[in-house]
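Structure first, then comments.
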C-alpha cells in the first residue's frame, strides 16, 4: 500500500497509518481533522479543508515532496524550522498553507529562512510572504 484516499469518509483518526511504512501518499481532505499523527512515512499529503492547527507532528513525518494544508486553522509556521530534513540540502519541495489564519508575526521570517535558498516553495496566499524557488517540485 503506497497511496490511500480517505477523503469523503468517516475517518477521524490517521494514527493507524503510522504502522504502514510503505505509505507515501495520503489524501485526507475535508474530514474535520484537528490533529495529525506522528511518524507517517508519507511524502505527499493532501490535507486541505480540515481544522488542523499544529504543524509539529509533521516534524516526525518523512521528508516532504508536496504537502497541501490549504484551508485549515494553522497560525504558526515555525514548526517547519524544526523538521530535521528541512536543511538537508534537498530541494524542490512544496508546502501549501494558503487560506489559513497565519497570524503569527514570525511567519514571514520562517518562509524567508526556508525559501528560496533551500529550493522549497511555500505558498501562503500572501504576496509579501509567498516564496517560489527556481525548481519544479512536480517532475
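Residue numbers (my numbering): 2 to 140.
C-beta: ideal position from N, C-alpha, C; glycine also.
Bridge partner(s) assigned by DSSP for residue i
| i | result |
| --- | --- |
| residue 68 | 46 and 96 |
| residue 37 | Paired residue(s): none; residue 37 is not in a bridge. |
| residue 26 | 4 and 45 |
| residue 123 | 96 and 132 |
Rounded distance between the beta-carbons of residue j and residue i, thought under 8 angstroms
| i | j | result |
| --- | --- | --- |
| residue 37 | residue 21 | So it is not a contact: roughly 15 angstroms between Cβ atoms. |
| residue 99 | residue 124 | 6 angstroms |
| residue 54 | residue 35 | 7 angstroms |
| residue 25 | residue 4 | 7 angstroms |
| residue 56 | residue 80 | 4 angstroms |
Euclidean distance between Cα positions of residue i and residue j
| i | j | result |
| --- | --- | --- |
| residue 68 | residue 103 | 16 angstroms |
| residue 107 | residue 116 | 14 angstroms |
| residue 32 | residue 64 | 24 angstroms |
| residue 71 | residue 50 | 7 angstroms |
| residue 13 | residue 112 | 30 angstroms |
| residue 130 | residue 87 | 18 angstroms |
| residue 18 | residue 62 | 11 angstroms |
| residue 6 | residue 42 | 15 angstroms |
| residue 9 | residue 48 | 12 angstroms |
| residue 46 | residue 59 | 11 angstroms |
| residue 74 | residue 11 | 20 angstroms |
| residue 77 | residue 105 | 5 angstroms |
| residue 127 | residue 16 | 32 angstroms |
| residue 44 | residue 110 | 24 angstroms |
| residue 28 | residue 96 | 15 angstroms |
| residue 82 | residue 132 | 15 angstroms |
| residue 52 | residue 101 | 9 angstroms |
Closer than 8 angstroms: residue i CB and nearest the ligand NAD heavy atom
| i | result |
| --- | --- |
| residue 39 | In terms of ligand content, the structure shown is empty, and the ligand NAD therefore cannot be addressed. |
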